[in-house]
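**Student:** The sequence shown stops at residue 392 when you use my numbering, and every number in between is there.
Where is the CB? At the ideal position from N, CA and C, for every residue including glycine.
A quick note: this is a predicted structure, and the numbers were derived from the prediction, not measured.
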Amino acid sequence: MKKQNLFKWKHYQPDVIILTVRWYLRYSLSFRDLVEMMEERGLSISHTTIMRWIHQYGPELDKRIRRYLKQTNDSRRVDETYIKVKGQWMHLYRAVDSNTSINLRIQNYPKMKF
């Protein structure tokens, strides 16, 4: 379906409709929150209009962007060890996810005696 056919006979610009639908789907906003946000931009849109846009364009938008989303793997490996920093023992947590991104966290652990 072409962009012109999707938005034929609509009162608002396609960019406004797509932005509103995207904000609703991406962030947990209510229809009335979106009405308020559009009013701040000088647009008067009813919450029922936004609801109809969500029902009409939500599935189409999801179908079009689904192929660009990166598949995720929730697998992570975590290692915990103790290190001495400036004379004080601390926990060092290392996590490696499926993309080999390394996340570090150092946490103070003052009660530890060696």
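Below 8 Å on the Cβ atoms is my contact criterion, and I expect residue 312 with residue 328 to pass it. Report the Cβ-Cβ distance as a whole number of Å.
**Tutor:** Indexing the sequence shown from 1 puts residue 312 at position 34. Indexing the sequence shown from 1 puts residue 328 at position 50. About 5 Å separates the two Cβ atoms, so the contact holds.
**Student:** Would you mind working out which of 326, 369, 286 sits nearest residue 298, comparing C-alpha positions?
**Tutor:** As a working mapping, residue 298 is identified with position 20 in the sequence shown. Residue 298 has its Cα closest to that of 326, out of 326, 369, 286.
**Student:** Counting only the same chain and skipping the five closest in sequence on each side, list residues whose C-beta sits under 7 Å from that of residue 361.
**Tutor:** Position 83 of the sequence shown, counting from 1, holds the residue named residue 361. Within the same chain, residue 361 has close Cβ partners 368, 370.
**Student:** To test your reading of the DSSP string, which unbroken alpha helix (DSSP H) runs of 4 or more residues are found completely within the stretch 325 to 382?
**Tutor:** With a minimum length of 4 residues, the continuous alpha helix (DSSP H) runs that stay inside the stretch 325 to 382 are 325 to 344.
**Student:** Per DSSP, which one or two residues make a beta bridge with residue 386?
**Tutor:** For the purposes of this step, residue 386 is identified with residue 108 of the sequence shown, where counting begins at 1. DSSP output for residue 386 lists 368 as bridge partner(s).
**Student:** Less than 8 Å separating the beta-carbons of residue 374 and residue 355?
**Tutor:** Locating residue 374 in the sequence shown gives position 96, counting from the first residue. Locating residue 355 in the sequence shown gives position 77, counting from the first residue. Contact: yes.
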